[in-house]
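Shown next, in structure tokens, is the structure this report addresses.
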Amino acid sequence: MLTKKGKYGLKALVHLSQLPAGQLAFVGDIATANKIPKKFLDAILGELRNAGFVQSRKGKDGGYRLAKPAAEIKIGHVVRVLDGPLAPIPCASRTQYQPCDDCDEATCQIRHMMLEVRQAIAGVLDNRSLAQVRDAANDDVLTDALHHA
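Residues 1 to 149 (full-length UniProt numbering) are what the sequence shown spells out, left to right.
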């Protein structure tokens with residue numbers, strides 16, 4: 001399940017992706033517009049900066065902006081940075097695989113099903129760019145899904 005951290009990070013990136021190229025946004029403005037606690041957003045934006053998704057500038061004319069075009073930012077990469085592996089269980093993870101103590105992986109039906117779940121999640125998130133999410137924001141189905149999540 002996507003954590004609040006992951007959701008808020010994605011909302012902040014969508015916000016930044018809507019700015020004219022090169023324009024900076026204040027943390028307070030992003031937080032207010034997206035109903036995100038400012039202190040939490042400060043920490044999330046720090047992680048996004050360290051991962052190379054956003055750039056920041058200090059001072060009265062400071063703020064945040066995307067570090068690269070929205071079309072080059074894949075949602076799966078952002079979610080992994082903020083929330084960790086996409087897989088529902090460690091033995092199905094590609095990025096942080098850990099074997100289970102209680103199973104024979106070759107015959108474990110649960111692992112096989114969870115590998116399929118992980119592939120389905122990755123299939124969506126790794127093929128969806130920030131630009132596609134931003135541009136779909138007016139789509140009623142996606143909007144409803146985000147508001148009821």
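Glycine residues also receive a C-beta, built at the ideal position from the N, C-alpha and C atoms.
Taking C-beta atoms under 8 Å as the contact rule, residue 2 and residue 79 qualify, at a distance of about 7 Å.
Across the structure, residue 93 and residue 112 are spaced so that their CA atoms are roughly 12 Å apart. Boundaries of the alpha helix (DSSP H) around residue 17: 4-17.
Apart from sequence neighbours up to five positions away, the residues of its chain that approach residue 55 with a beta-carbon distance below 8 Å are 49, 64, 65, 66 and 67, ordered along the chain. DSSP, reduced to helix, strand and coil, places residue 52 outside both helices and strands of the structure shown, so it counts as coil. Take residue 104, set aside five residues on each side of it, and no residue of its chain has a beta-carbon closer than 8 Å to its own.
By the neighbour-count criterion, in which a residue is buried when 16 or more other Cβ atoms sit within 10 angstroms of its Cβ, residue 60 is exposed.
By the CB criterion at 9 Å, residue 114 and residue 88 fall inside the cutoff.
The beta carbon of residue 15 sits closer than 7 Å to those of 25, 30, 33 and 34, all from its chain and outside the five residues before and after it, given in chain order.
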